[in-house]
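The working numbering numbers the first residue of the sequence shown as 27 and each following residue consecutively.
Even for Gly, the Cβ is constructed at its ideal location relative to N, Cα and C.
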Amino acid sequence: MIETVLGPLDPALLGPASMHEHLLFDARGLGLEPPREHFQDDAALVTAELADARAAGLGAVVDLTVWGFGGPSPRLPQIARESGVHVVAGVGAYLGRTWPEWLRALDGDALAQRFVSALTDRLPGCEHRAGIVGLVGEGLPPAPEEERAVRAAGAAAAATGAAVALRLDPRADTASRLLELLAREGIGAGRVLLSNVDGYANDHARVRELAATGATLKWCFGYEAPPRAGLTAATDAQRIDAICMLLEEQPGARQTLACGTWTRGALRRHGGRGFAHLPARVVPALRERGLGDAELDELLVAAPRRLLDKEAP
């Protein structure tokens, strides 16, 4: 079964899913300008935009708004109920510099237990459970507490059968090491979703290496990052090129899609593409590149279903 914010869901009912969104968030702890752009708490707006996405063909979203990013939110069940979109909540800890002091004070075992409790009982301050562990991962330079969170995520996932959403920093070659940390806790790459692979979109050799790990690569559409030292800003066309390259060269590679909305400006009301971008624009663009129903079902339905359907621990 898949754990949504409205309770367990038969995996057959999931529908096309976006595997990484931020519905209500507060990312001002990252120190990015302008601060208002990184804060969004309008549940009515999110509900309306998700309803638009549902009308365009989206069935589910995974909300990875974790500690350090303004999560978790007790309003997710209402958003899911009123929009008609299935919502799966994540539990995790974002980059170390965003951690509140109470979180920083936890050792690895205590942090793992917090994750387990969120997956089996409820998220703190909420009436719903998490359905995936993540987002966790590292920034650049990495902070020691970030590795602690990755290890705790692996332990919690192994104890509950959940998958892990792992944040990569494309400026650093950390995927192999972070996957090894998870493996030591009992989580194989097949239960891992790799985030931020867009930063490698123009490095097809690196994309091939990531796909060869057996983890699922998540491509986030609709956002082109401003130039930063050592970080490539991918376009949607480049993302599609990378996806098609893997489909041709490594047809068994695991890939899935998202929008990764994390700024106010990404919402349609504020001039962005919104949550409907995947079904309304990306899917037609992929069809133009020759993808058929089977390939699109794998990207949007089958891959998300495999990750979100909990395994017996």
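Check for me: the alpha helix (DSSP H) holding residue i runs from which residue to which?
i: T186; result: P170 to T186
i: I269; result: D262 to E275
i: W125; result: Note, W125: premise wrong, no alpha helix (DSSP H); not H, not E.
i: H46; result: Segment A43 to E47 is the beta strand (DSSP E) holding H46; no alpha helix (DSSP H) there.
i: V142; result: G134 to T146
i: P310; result: V309 to E314
i: D323; result: D319 to D323
i: L204; result: A201 to R210
i: D68; result: Per DSSP, D68 belongs to no alpha helix (DSSP H) and is neither H nor E.
i: E235; result: H230 to A238
Looking only at C-alpha atoms, which of the options sits nearest to residue i?
i: A41; options: A338, L333, A328 and G318; result: Inspection of the sequence shows that residue 41 is occupied by Gly rather than by Ala. When only C-alpha atoms are compared, the closest one is A328.
i: A237; options: R307, D52, S221 and R197; result: S221
i: G187; options: L32, L333 and W245; result: L333
i: A191; options: P339, L219 and D52; result: L219
i: Q139; options: A181, P34, P98 and G57; result: A181
i: G55; options: A82, G248, G97 and A227; result: G97
i: S202; options: A263, G240 and I28; result: G240
i: R80; options: I105, H64, R62 and P100; result: I105
i: G291; options: W245, F141 and E59; result: E59
i: G33; options: L49, R148 and D195; result: R148
i: P150; options: A175, V117 and L161; result: V117
i: L304; options: R315, G286 and G318; result: G286
i: A115; options: G160, E250, R177 and H230; result: G160
i: V110; options: H48, A77, R234 and Q281; result: Correcting the residue identity first, residue 110 is Gly in this sequence and not Val. Checked all of H48, A77, R234 and Q281; the closest Cα to G110 is A77.
i: W245; options: L35, I28, S44 and T30; result: S44
i: D68; options: A136, R130 and L50; result: L50
i: F247; options: K336, A306, E29 and A209; result: A306
i: L326; options: S143, K336 and R280; result: R280
i: G212; options: R315, L145 and A179; result: A179
i: F95; options: A263, R232, V162 and G298; result: V162
i: Q264; options: L312, R299, G297 and G300; result: L312
i: D195; options: E63, D36, D267 and E164; result: E164
i: D262; options: R299, R295, W93 and A119; result: R299
i: G122; options: H154, R155 and L166; result: L166
i: T289; options: G278, I28 and P61; result: P61
i: R210; options: G157, A53 and V176; result: V176
i: E314; options: E206, R217, A185 and I266; result: I266
i: R331; options: H112, V142 and R101; result: H112
i: F301; options: Y120, V92, H46 and A53; result: H46
i: T242; options: Y249, E250 and V233; result: V233
i: A338; options: A231, T282, V142 and A184; result: A184
i: A320; options: A189, R295, G57 and P277; result: P277
i: G144; options: V31, E127 and L293; result: The question names Gly, but residue 144 in the sequence shown is Ala. Answer by Cα proximity: V31.
i: Y120; options: A53, L207, L322 and G297; result: A53
i: N228; options: T91, L102, A260 and E63; result: A260
i: L90; options: G214, A156 and L132; result: A156
Under the three-state reduction of DSSP, which class applies to residue i: helix, strand or coil?
i: G291; result: helix
i: A338; result: coil
i: H112; result: strand
i: I28; result: strand
i: R299; result: coil
i: V190; result: strand
i: A81; result: helix
i: L333; result: helix
i: E21; result: The chain is shown from 27 up to 339; residue 21 falls before or after that span and cannot be answered.
i: A328; result: helix
i: L304; result: helix
i: I105; result: helix
i: L39; result: helix
i: L149; result: coil
i: L394; result: The question about residue 394 has no answer here: the residues shown for the chain are numbered 27 through 339.
Terminal residues of the continuous beta strand (DSSP E) containing residue i?
i: R101; result: Premise fails: R101 is in no beta strand (DSSP E) and is neither H nor E.
i: A156; result: Note, A156: premise wrong, no beta strand (DSSP E); not H, not E.
Is residue i near the ligand MG, judged by its Cβ being under 7 Å from some heavy atom?
i: T91; result: Only the bare structure without any ligand can be found here, which leaves the ligand MG out of the picture.
Identify every residue that forms a DSSP beta bridge with residue i.
i: P34; result: E29
i: V218; result: V190
i: G163; result: R193
i: A119; result: W93
i: V223; result: DSSP, once it has assigned bridges, lists no residue as partnering V223.
i: T282; result: K244
i: D52; result: F65
i: V87; result: S44 and V113
Strictly under 8 Å for the Cβ-Cβ distance: is residue i near chain B by that measure?
i: L317; result: No chain B is present in this structure, which holds just one protein chain.
Task: Given 8 Å, three or more beta-carbon pairs between the region 270-277 and the region 66-80 - done: no
Review point. Are at least three pairs of beta-carbons, each pair with one atom in the region 80-99 and one in the region 27-41, less than 8 Å apart?
Key: yes
Open item on the list: When you compare the region 224-231 with the region 161-180, are there three or more beta-carbon pairs, one atom per stretch, that lie closer than 8 Å?
Closed with: no
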